Amino acid sequence: MCISVVLMYLVARGLRNMMRHGALPDSVMDLPTCSDRLAALGLDFESMRLSVSKYALDRRRVYEAMGAGVRSKGLSLGGVVTQGLQQDDLYRITHDTRSDKMLITPVLHALAVPVRAMILPLRDHVAASKIRAAVQQLLMPVLPEGSIWLQDDELYHATLYHASSHAKPIHASAEVIAEEERAIKRVTGSTCPISAVLDRVVVTTTGVVVACWQVLPIGGEPALLRAALGVALPNAPPREAQMVKEPAMLHTTIARLLRPPAAGAVAASGTGGSRDKQGSGGSSRGSNGGGSLVRSSSGGLGGRELRGVKAGQAGGGADTGADAAGASAGAAERTGRRRLLVDDGTTDELGGGSSIRVETTKSQSGGSKDVAAIEDEVVVGAVDVLSATLCGLRAQFGEVWFIEEQDLLALALNGRYVRHLAPLTCPATGRRAEEGLGAAVAA
Numbered sequence: 001m002c003i004s005v006v007l008m009y010l011v012a013r014g015l016r017n018m019m020r021h022g023a024l025p026d027s028v029m030d031l032p033t034c035s036d037r038l039a040a041l042g043l044d045f046e047s048m049r050l051s052v053s054k055y056a057l058d059r060r061r062v063y064e065a066m067g068a069g070v071r072s073k074g075l076s077l078g079g080v081v082t083q084g085l086q087q088d089d090l091y092r093i094t095h096d097t098r099s100d101k102m103l104i105t106p107v108l109h110a111l112a113v114p115v116r117a118m119i120l121p122l123r124d125h126v127a128a129s130k131i132r133a134a135v136q137q138l139l140m141p142v143l144p145e146g147s148i149w150l151q152d153d154e155l156y157h158a159t160l161y162h163a164s165s166h167a168k169p170i171h172a173s174a175e176v177i178a179e180e181e182r183a184i185k186r187v188t189g190s191t192c193p194i195s196a197v198l199d200r201v202v203v204t205t206t207g208v209v210v211a212c213w214q215v216l217p218i219g220g221e222p223a224l225l226r227a228a229l230g231v232a233l234p235n236a237p238p239r240e241a242q243m244v245k246e247p248a249m250l251h252t253t254i255a256r257l258l259r260p261p262a263a264g265a266v267a268a269s270g271t272g273g274s275r276d277k278q279g280s281g282g283s284s285r286g287s288n289g290g291g292s293l294v295r296s297s298s299g300g301l302g303g304r305e306l307r308g309v310k311a312g313q314a315g316g317g318a319d320t321g322a323d324a325a326g327a328s329a330g331a332a333e334r335t336g337r338r339r340l341l342v343d344d345g346t347t348d349e350l351g352g353g354s355s356i357r358v359e360t361t362k363s364q365s366g367g368s369k370d371v372a373a374i375e376d377e378v379v380v381g382a383v384d385v386l387s388a389t390l391c392g393l394r395a396q397f398g399e400v401w402f403i404e405e406q407d408l409l410a411l412a413l414n415g416r417y418v419r420h421l422a423p424l425t426c427p428a429t430g431r432r433a434e435e436g437l438g439a440a441v442a443a
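With the UniProt record's numbering applied, the sequence shown corresponds to residues 1 to 443, in that order.
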């Protein structure tokens with residue numbers, strides 16, 4: 001164990017020196033293969049040198065399994081999308097007669113007990129925009145209209161840990177939540193930012209398109225961060241009840257493939273008079289996806305603002321008016337509903353580490369009118385090209401968000417949530433930080 005700790009320390013220090021003195025290529029992304037790019041950053045899986053940590057090997061094992069299912073079983077769309085939820089529970093697909101485009105509207109379900117989760121947001125906007133652009137250029141053209149929901153690239157994130165989930169809800173008072181926030185900040189205050197590199201992009205059998213990250217040995221480690229959060233939050237669901245089962249993995253959902261409606265089976269919708277840069281429609285709500293609108297407010301939340309509900313997204317990626325289900329329900333209240341907690345620069349402190357700004361994020365979904373049906377081999381091939389293109393992309397995860405989701409899958413479906421910021425802060429610099437890295441590896 002002592003030898004491996006020393007080796008890991010030397011690799012980390014050497015990698016830092018290479019970066020400092022320019023020994024790496026001008027751009028790792030210029031190297032021809034994914035293996036070459038990862039090896040240049042110290043992740044040489046081909047030679048299996050000791051520069052590859054146990055956690056990195058665990059991540060690679062999980063990612064390989066995630067991508068293998070679709071090759072052996074093919075895609076199975078239209079059923080379970082995520083966490084046991086069906087496509088029809090989460091999305092409504094309609095045809096907009098005015099724009100002649102397929103519209104995908106998220107179906108939001110208000111939660112009696114908010115989900116409380118810790119996530120790592122991808123605040124590296126350059127990396128996020130490159131991922132989104134690659135999906136639009138390489139994957140969307142091979143899919144029929146109305147068959148892909150793009151995640152909002154300003155809300156790309158990796159889920160770390162749950163203090164309460166929809167599968168195992170744990171009610172908490174405002175005082176308990178405040179104590180959880182303090183405990184989380186104690187953990188993040190002694191954890192370095194996570195330096196990540198994109199290992200691959202995979203699509204699962206249920207159509208989830210996932211960016212799978214590796215971690216460079218010059219910062220924090222997700223497995224250790226999760227372990228520390230588990231100790232800090234003793235009342236959280238146990239490990240077997242956590243949504244993320246594998247401690248080392250670091251993954252970001254970037255899109256979801258959907259089964260498009262059969263020809264002639266799509267409900268038609270007109271467009272209302274209110275236009276929105278996001279696309280069409282007001283999001284529907286209801287326990288059965290039946291479309292009853294629940295107005296968003298911050299009442300009962302101790303003055304904390306909620307991020308507002310965003311509109312349904314145009315399946316063709318173009319701007320349209322509001323769809324019929326939402327246009328009459330909430331145009332006058334859109335300004336009050338569309339709030340997003342915290343952005344750098346223009347923030348207004350609310351206390352407890354929360355702040356607000358007017359929501360400006362963008363999200364679209366789409367596909368091609370020229371594609372008649374989803375073909376498994378074509379989709380897998382496009383994802384392989386996407387993966388080869390993005391492999392080696394570097395990003396830093398520098399903060400944790402402690403999220404209270406008021407709607408089920410609020411981050412994925414543009415619903416309401418409360419956000420508390422907890423920066424990742426190295427406890428020391430210089431030699432003391434390097435000693436801390438060695439201790440973390442030994443653990």
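We put the beta carbon where it would ideally sit given N, CA and C, even for glycine. The structure displayed is predicted, hence computed values, not measured ones.
Own chain residues within Cβ distance below 7 angstroms of residue i, not counting five before or after
i	result
valine 208	Thr82, Thr253 and Arg256
valine 176	none
glutamine 86	Gly79 and Val80
glycine 220	Thr191, Cys192, Pro193, Ile194 and Leu424
alanine 248	Tyr55, Asp58, Arg59, Pro222 and Ala223
Close-in-space but distant-in-sequence residues of the same chain around residue i (CB under 6 angstroms, 5 per side omitted)
i	result
alanine 228	Val187
alanine 163	Arg116, Glu180, Leu233 and Ala236
glutamate 246	Val62
alanine 128	Leu122, Asp153 and Tyr156
arginine 259	Leu77 and Gly78
glycine 67	Val202
valine 113	Pro169 and His171
alanine 241	Lys168
threonine 360	Unreliable positioning characterises threonine 360 in this predicted model, as indicated by a pLDDT of 33, which lies under 50. A coordinate reading is not provided.
Cut-off 8 angstroms between Cβ atoms - residues of its own chain near residue i, not counting five sequence neighbours on either side
i	result
leucine 138	Ala382, Val385, Leu386 and Thr389
leucine 160	Ala117, Met118, Ile119, Leu120, Pro222, Leu225, Arg226, Leu229, Val244 and Val400
aspartate 376	Val70, Gly74 and Leu75
leucine 393	Met29, Ala127, Lys130, Ile131, Val197 and Leu198
glutamate 46	Ser35 and Ala39
valine 135	Leu150, Val209, Ile254, Ala255 and Leu386
Cβ neighbour criterion (16 or more within 10 Å) applied to residue i
i	result
residue 468	Limits of the chain in this structure are 1 at one end and 443 at the other, which puts residue 468 out of reach.
valine 231	exposed
threonine 94	buried
leucine 424	buried
glycine 273	Reliability of the predicted coordinates at glycine 273 is poor, the pLDDT of 36 falling under 50, and no value is obtained from them.
proline 238	exposed
leucine 57	exposed
lysine 369	exposed
arginine 60	buried
threonine 33	exposed
glycine 84	exposed
alanine 183	buried
threonine 204	buried
glycine 189	exposed
glutamate 404	buried
alanine 211	buried
serine 174	Sequence inspection shows alanine at residue 174; the serine mentioned does not correspond to that position. By the neighbour-count rule (16 or more Cβ atoms within 10 Å), alanine 174 is not buried but exposed.
alanine 133	exposed
Presumed contact (8 angstroms Cβ cut-off) between residue i and residue j, rounded CB distance
i	j	result
glycine 367	leucine 111	Not really, about 30 angstroms apart at Cβ, beyond 8 angstroms.
alanine 196	glutamine 396	7 angstroms
leucine 408	histidine 109	4 angstroms
alanine 410	arginine 416	6 angstroms
Proximity of residue i and residue j at Cβ, strictly below 8 angstroms
i	j	result
alanine 372	phenylalanine 402	no
asparagine 414	aspartate 152	yes
valine 378	valine 70	no
valine 107	threonine 206	no
glycine 146	isoleucine 104	yes
histidine 251	tryptophan 213	yes
tyrosine 91	tryptophan 149	yes
serine 53	proline 217	yes
Neighbour flag for residue i against chain C, beta carbons, 8 angstroms
i	result
glycine 207	Any reference to chain C falls outside this structure, which holds one protein chain only.
Check: residue i C-beta below 7 angstroms from any heavy atom of the ligand FAD
i	result
valine 113	In terms of ligand content, the structure shown is empty, and the ligand FAD therefore cannot be addressed.
TODO: Identify every run of the alpha helix (DSSP H) within the stretch 206-273, keeping only runs that are complete inside it and at least 4 residues long; order them along the chain.
DONE: 222-232
Task: Uninterrupted alpha helix (DSSP H) stretches inside the stretch 75-141 (no shorter than 4 residues) - done: 87-90 and 125-134
Open item on the list: What ranges does the beta strand (DSSP E) occupy inside the stretch 359-403, keeping only unbroken runs of at least 3 residues that lie completely in it?
Closed with: 394-397
Open item on the list: Extract the residue ranges of the alpha helix (DSSP H) inside the stretch 151-208, only unbroken runs of 4 or more that lie entirely within it.
Closed with: 174-188
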